[in-house]
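A short write-up of the structure that comes next.
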Amino acid sequence: MGDRLRVQRGGSGDAAVLLLHGLGATGDVWHGVHEQLANGPCRWITPDLPGHGGSANLPRYTFGHMAAALVELIEDEEHVVVLGHSLGGVLGLTLASGWFGGSVDRACGLGIKVAWSAAELSGAKSYAERPNKMYLGRTEAAERYLKVSGLGGLVDVEDPRVDFGLVGTPDGWRLACDPKTFAVGRPDVPGLLAASQAETVLAVGEQDQMCSPEQVREVDPNAIVLPGLGHNAHVEDPGAMVKLISDLLS
0 MGDRLRVQRG
10 GSGDAAVLLL
20 HGLGATGDVW
30 HGVHEQLANG
40 PCRWITPDLP
50 GHGGSANLPR
60 YTFGHMAAAL
70 VELIEDEEHV
80 VVLGHSLGGV
90 LGLTLASGWF
100 GGSVDRACGL
110 GIKVAWSAAE
120 LSGAKSYAER
130 PNKMYLGRTE
140 AAERYLKVSG
150 LGGLVDVEDP
160 RVDFGLVGTP
170 DGWRLACDPK
180 TFAVGRPDVP
190 GLLAASQAET
200 VLAVGEQDQM
210 CSPEQVREVD
220 PNAIVLPGLG
230 HNAHVEDPGA
240 MVKLISDLLS
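For the sequence shown, position 176 (counting from the first letter as 1) is numbered 175 according to numbering that gives the first Met the number 0, and the numbering increases by one without interruption.
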């Protein structure tokens with residue numbers, strides 16, 4: 000992928016699972032899942048989304064533009080499962096449509112926010128229009144990264160999973176995420192589910208404060224509810240994600 004996408008790969012097996020992180024984060028949030036998939040049953044492909052972590056920015060961020068930037072990761076794969084979290088879940092469903100090429104067997108959207116208020120949409124638009132703030136120290140920048148990515152309380156500021164979420168410069172530290180990614184807007188999840196050429200399902204943590212199981216099941220009556228887990232279920236319980244992946248592969 001040249002210098003466009005930072006991509007991590009591992010595991011073994013004929014099938015590949017594409018793991019897509021959420022808005023503001025990086026592919027490193029899947030490290031617990033990577034460790035448990037080290038010996039199969041599948042290979043894993045984990046990019047930093049465009050405009051995030053070590054991946055290049057895009058001139059404009061839409062779900063289509065971002066999905067098109069990811070499709071090369073699966074074009075040569077015969078059996079593909081996509082597990083995406085939040086924004087990554089929307090992009091997984093977008094890839095499952097087949098509109099941008101590639102072939103997806105099954106896709107699962109984890110923790111996709113399906114209900115948006117006008118204030119939430121306005122806040123995201125406002126954030127997207129602000130320049131990336133500089134911080135004097137890494138710790139302050141890391142604290143901001145954890146807040147923006149929703150990982151506060153789950154990951155420590157010194158955790159290696161924070162590293163690619165930050166950029167050190169001679170003038171200080173800033174978040175790696177391009178603020179303009181927050182301008183993607185509200186996804187049409189029912190439309191994406193209807194357009195999918197793959198088997199699709201939504202999943203949500205029982206205690207997710209961003210999208211309740213009730214809201215998600217209004218969109219997908221067959222949605223999987225993960226007991227005791229919150230919005231970042233893949234960080235909270237990697238084992239639950241490996242079971243979900245195994246079910247998607249079967």
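The beta carbon of each residue, even a glycine, is placed where N, CA and C say it ideally should be.
Bounds of the alpha helix (DSSP H) holding P212 are 212-218. Looking at V161, F62, H20, L228, the one whose alpha-carbon comes closest to that of D47 is H20. Restricting attention to L109, G10, E71, the CA atom closest to the CA of V89 is found in L109. CA-to-CA, the gap between D75 and G136 works out to about 42 Å. Across the structure, A106 and G171 are spaced so that their CA atoms are roughly 40 Å apart. In the structure shown, the three-state DSSP call for R160 is helix. Annotation for I223: the continuous beta strand (DSSP E) segment containing it runs 223-225. According to DSSP, V81 shares a beta bridge with L17, A106. Only residues of its own chain outside the window of five on either side were considered, and among them C41, H78, L248 have a CB closer than 6 Å to the CB of A14, listed in chain order.
The alpha-carbon of H30 is positioned some 31 Å away from that of E217.
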